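Residue numbers (full-length UniProt numbering): 1 to 90.
Shown next as structure tokens:
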């Protein structure tokens, strides 16, 4: 299955598309949601996104350098190094 290229006009829904792809393609299915990632209102960075996914899987980011790189790369390709609801343009 290929990565979803369509974009949603709302950041939360678009992040859920990316998270669904992470689950389908890389079996990263620990239940992190876009709501969880955005609820504090702070910019979502590639680092914070990546750490949230890795930790939710019960792993340590420092032990998963290859996976950390892959996740960060996917985030940056889609959003840049950080994104906010206000800045996002789907």
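The beta-carbon is built from N, C-alpha and C at its ideal position, and this holds for glycine as well. In this text, all values refer to a predicted model and were calculated from it rather than measured experimentally.
Buried or exposed (CB count within 10 angstroms, at least 16 for buried), residue i
i          : result
residue 20 : exposed
residue 55 : exposed
residue 74 : buried
Neighbourhood of residue i by C-beta, 6 Å cutoff - its chain only, sequence neighbours within 5 removed
i          : result
residue 51 : 61
residue 49 : 75
residue 81 : 46
Chain-order list of residues whose beta-carbon lies under 7 Å from that of residue i (same chain, five-residue window excluded)
i          : result
residue 8  : 14, 17 and 90
residue 67 : 54
residue 83 : 11, 43 and 44
Contact check, residue i vs residue j, beta carbons under 8 Å
i          : j          : result
residue 85 : residue 11 : yes
residue 57 : residue 22 : no
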